[in-house]
Amino acid sequence: MTDRPDPRTAGGQPSFSLFFFSDDRERSKEAGYHLVLEAAKFADAEGFDSIWVPERHFNKFGAPYPNPAVLAAGIATVTERVGIRAGSVVVPLHHPVRIAEEWAMVDNLSRGRVGIAAASGWSPGDFFLSDADYGRRREETFERIDTVRALWRGGPVDVRTPGAREDAGEQLLRTTYPRPVQPELPTWIATVGTRETWVRAGECGYHVLTALVATTLDDIAGHVRSYREARARSGHAPEAGRVTMMIHTFLGPSETEVRATVHEPLVQYIETHISQASGHPDAPDVAGKRSLAEFAFERYYTHNGLFGTPETALPVVDRLLAAGVDEIACLIDFGVEDEAVLQGLPYIAMLRRSALERHREGSGD
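Residue numbers for the sequence shown follow this note's numbering, so the first one is -17 and each next one is one higher.
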C-alpha cells in the first residue's frame, strides 16, 4: 500500500462518511435503493469522505446488499467526488480475479474513487460459494487480497487460489482488465476482534475498518497503538494507516425526538442481531430476546453510537478521535424510515462541520 495520504482527508483532520450495512425492513419495489442513492448524493454535495456498502448473503439482515460492486457502480453514476468503498468484500467467497475485475470497472466509472475493506466472513453457510476452507478463512483473506492487489498493479499474476497452489503444476499467469484508474487499490482489513488481526493489518500496510461491537473505546485505543507500531516496524508510515470506525448514527433537533425515533427500530435491529448470533436467524423467538435487546439499546444509545443532537454527539466524536480513529463512518440504515434518515443527514453534516472547526482551532490553522 502506498503511504501517500488520501487527498480527501489530507492534513490529519477527522473525516466523516456514511455507512450502509444491515437494513432488514421490507421495501416496496418502487423504493429500491432510493435511500442509498439519495444519501450518496447528499454526501457528495456536503464534502463527506466516502460511502460504504457491504456484502451480505442469505438473510433478511442485510438483504439489500449481496453485491457491493454493483451498488457501488450505481453510486458512481450519481456522484462526482465522494469515495466509494466496500465495507466489506467477503474475500474468501470470491476468486481474486473477479474482485480485481469488478472493482477496476467501478474505479473507471468513478474516475478513481474506490476502496475496499476485506472481510473473512463469519457464516459457514456462505462458504459453498467458494472453494475456500472456512477454517482457514482469515489466512485466505490475506492471501487472496494480496493477489487482488497484485492484479490491480498490472500483473501478470499467478491467479490460482491458495488451495490450488498446493498442487503440482505450472503457474496460471493472467493480467486483468480493464486497467484501473488508481495505481494502488486502497485496502482496509475489517475486524472487530483480536489484536493479532490489527497487527497483521499494520504489518501488511493496510488500513483498518472496525466497529464498537463487543469492545470498548479503551480496547480500540490499545489496538490502534499496536497497529501503528506494527506499521512502523514493517516500514510503513504509522500515521498513513487509516482507522475507520463504523458507528450507528441518528441526529436530530432534540434528544427527546431522536430517542423516540430510534428506539423501536434499534431494538428490533438488536433483536435480529441476537437471533442471527444464536444460529437460528429465522426463529420466531429467542428466550429473553426482547429484554436483552432493551438492555443493549441503552448501551448502544449511551456509549456505542452517535445519537442525539450535533451538540450532544460532539463529545463522542472527541473520544473517538482521542482513541486514534481517523474516519467516522456513520451507519444510518438500521431500521429508521428512509425519509427520517434523509431528514437527519443535515444534522450529521452539522456535526461534521463542528468537528472540523474544533480541529482547526486546536491545530491553530
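Ideal placement from N, C-alpha and C gives every residue a C-beta, glycine not left out.
Compute the Euclidean distance between the alpha carbons of TRP180 and GLY65, then round it to the nearest angstrom. 23 Å
Which complete alpha helix (DSSP H) runs does the stretch 161 to 213 hold, if anything under 4 residues is left out? Counting only runs of 4 or more residues that sit fully inside the stretch 161 to 213, the alpha helix (DSSP H) segments are 177 to 186, in chain order.
Of all the options SER(-3), VAL35, VAL96, which has the alpha carbon lying nearest to the alpha carbon of ILE314? VAL35
Short Cβ contact (8 Å threshold) for SER70 with ALA172: At the C-beta level, SER70 and ALA172 come within 8 Å of one another.
Helix, strand or coil, according to DSSP, for ASP89 in the structure here? Taken through DSSP and simplified to helix, strand or coil, ASP89 comes out as helix.
Measure the alpha-carbon distance for THR(-16) versus THR176 and round it to whole angstroms. Per-residue confidence for THR(-16) stands at a pLDDT of 41, beneath the threshold of 50, marking its modelled position as unreliable; the derived number appears in the next sentence. Distance between THR(-16) and THR176, taken at the CA atoms: about 25 Å.
Can you tell me whether PHE232 is helix, strand or coil according to DSSP? strand
Rounding to the nearest angstrom, what Cα-Cα distance links TYR15 and TYR116 in this structure? Whole-angstrom Cα-Cα distance: 32 Å.
In this structure, what does DSSP give as the bridge partners for ARG156? VAL139
Determine whether the beta carbon atoms of THR169 and GLY137 lie at a separation below 8 Å. In this structure, GLY137 does not lie closer than 8 Å to THR169 by Cβ.
Between the stretch 246 to 254 and the stretch 214 to 226, do at least 3 Cβ pairs fall closer than 8 Å? A contact between stretches requires three or more CB pairs, one per stretch, nearer than 8 Å, and the stretch 246 to 254 fails this requirement with the stretch 214 to 226.
Cβ pair ASP31, PHE(-2) closer than 8 Å: yes
State the DSSP-derived secondary structure class of SER112, mapped to helix, strand or coil. Residue state, collapsed to three classes: coil.
Rounding to the nearest angstrom, what Cα-Cα distance links ALA114 and SER102 in this structure? 10 Å
Contacting residues, own chain, Cβ-Cβ under 6 Å from LEU19 (five flanking each side not counted): Closer than 6 Å at the Cβ level, and outside the excluded window around LEU19, lie VAL60.
Give me the residue from VAL323, TRP134, GLU178 with the minimum Cα distance to PRO160. TRP134
Sorted by chain position, which residues of the same chain lie with C-beta nearer than 6 Å to ILE202's C-beta, five sequence neighbours on each side aside? ALA305
Give every residue of the same chain whose Cβ lies closer than 8 Å to the Cβ of MET324, excluding the five residues on either side of it in the sequence, and list them in chain order. Inspection of the sequence shows that residue 324 is occupied by Leu rather than by Met. Counting only Cβ-Cβ distances below 8 Å, and skipping sequence neighbours, we find LEU17, GLU20, ALA21, PHE24.
Give the range of the alpha helix (DSSP H) segment to which SER361 is assigned. This structure cannot speak to residue 361, because the chain is shown only from -17 to 347.
Does the Cβ-Cβ distance between GLU237 and THR291 come in under 8 Å? yes
Among ARG215, GLU62, CYS186, nearest to GLU28 - alpha-carbon criterion: GLU62
How would you label GLU129, buried or exposed, when you count the other beta carbons within 10 angstroms and need 16 or more for buried? It should be noted that the sequence gives Thr, not Glu, for residue 129. Buried, since its Cβ has 16 or more Cβ neighbours within 10 Å.
Inter-residue Cα distance where the pair is THR198 and GLN153: Each residue's Cα considered, the two are about 45 Å apart.
Straight-line gap, VAL298 to PHE279 (C-alpha atoms, nearest Å): 17 Å
C-alpha distance - ARG213 paired with ARG182, whole-angstrom precision: 9 Å
Here's the rule: buried if 16 or more other CB atoms are within 10 angstroms of the residue's CB, otherwise exposed. What is ALA58? buried
Ignore the nearest five residues each way along the sequence and tell me which others in LEU333's own chain have a CB closer than 8 Å to its CB. Within the same chain, LEU333 has close Cβ partners PHE(-2), LEU233, LEU288, PRO292, ALA295, LEU296, VAL299.
Compute the Euclidean distance between the alpha carbons of CYS140 and ALA100, then round it to the nearest angstrom. With the sequence shown as reference, residue 140 is identified as Asp, and Cys is not the correct amino acid for it. ASP140 and ALA100 have their C-alpha atoms spaced approximately 20 Å apart.
Considering only residues of the same chain and omitting the five flanking positions on each side of ARG301, which have a CB-CB separation below 8 Å? LEU199
Whole angstroms are fine: how far does the CA of THR143 sit from the CA of LEU0? 33 Å
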